[in-house]
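In the numbering used here, the protein residues as written are 2 to 237.
Every residue gets a Cβ at the ideal spot worked out from N, C-alpha and C, and that includes glycine.
So the structure is just underneath, and the comments pick up after that.
Following this line, the structure appears as structure tokens:
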């Protein structure tokens, strides 16, 4: 009976021990499963943030330009300019109409002339009757139609000494060439027939154009010939 009790006790202990081990094992297994689940969550949390991706992309871009010796495109900023509008008679001193300073308003003619003669200002010289722009500075090589019409009306014929070739078949020439920095304006442009245009360009004749439309020629021998402004009532 004692043996039976001992066996029973031993069996119970073993069972209890086995059960406990099993439970412990089961619990351990559950912990492992839970730990595995937590590990997966940790992996997902370590995905790079947007800021990191941007930093990596910037580093790659910099590395590319350094390795290929390429330069980044420069920042192009439009320079600040102040615009002055003045009509041609006032610019030539033949009238005293006020100039218009952009962002300010009208200014006295004397001040407008002074500012217009300063290369740091962007000036616009207009026809007093139509308001059309006449002095285009270095903005364009080809004279716009308003300037063409003005020069045709002013010169009427070729400005070479003794030439009567009408303006409608003549060239509109830059007295100071565009390549040398000449501007597209009434003061620097005038009518030349094709023959005398070529003489000026290729045969040593020099032409100085004046603001009032007159001009001075210098021959290859150095003789100067003054051509006055064409009278307004003269018919070519």
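In chain order, 221 place their CB closer than 8 angstroms to the CB of residue 204, counting only its own chain and leaving out the 5 sequence neighbours on each side. Residue pairing from DSSP places residue 210 in a beta bridge opposite 216. Of 91, 196 and 182, the smallest CA-CA separation from residue 172 is found for 196. Within 10 angstroms of the beta-carbon of residue 144 lie 16 or more other beta-carbons, which makes it buried. Assigned with DSSP and collapsed to three states, residue 141 falls in coil, not helix or strand. By the CB criterion at 8 angstroms, residue 193 and residue 161 fall inside the cutoff. DSSP, reduced to helix, strand and coil, places residue 182 outside both helices and strands of the structure shown, so it counts as coil. With fewer than three CB-CB distances shorter than 8 angstroms, the stretch 106-114 does not count as touching the stretch 152-159. A check of alpha carbon separations from residue 163 across 105, 86, 93 and 218 identifies 218 as the nearest. The C-alpha of residue 215 is placed about 18 angstroms away from the C-alpha of residue 128. With contacts defined by Cβ atoms closer than 8 angstroms, residue 189 and residue 183 form a contacting pair. Here residue 137 has 144, 145, 148, 184, 185 and 186 as same chain residues with Cβ atoms under 8 angstroms from its own Cβ, once five neighbours each way along the sequence are excluded. In this structure, the beta-carbon distance from residue 91 to residue 103 does not fall below 8 angstroms.
Nearest neighbour of residue 141 by Cα position, chosen from 105, 178, 213 and 225, turns out to be 178. The C-beta distance from residue 126 to residue 95 rounds to 13 angstroms, too long to meet the 8 angstroms contact threshold.
One alpha carbon belongs to residue 208, the other to residue 225, and they sit about 10 angstroms apart. Residue 106 is classed as exposed because its beta carbon has fewer than 16 other beta carbons within 10 Å across all chains shown. In its chain, beyond the 5 residues on either side, 153, 156, 157, 158, 192 and 237 have a beta carbon closer than 7 angstroms to the beta carbon of residue 168.
Closest by C-alpha distance to residue 210, out of 131, 229 and 223, is 229. Residue pairing by DSSP places residue 101 opposite 86 and 107 in a beta bridge. For residue 161, there is no enclosing alpha helix (DSSP H), since its DSSP letter is neither H nor E. Pairing residue 93 with residue 213 gives a Cβ-Cβ distance under 8 angstroms.
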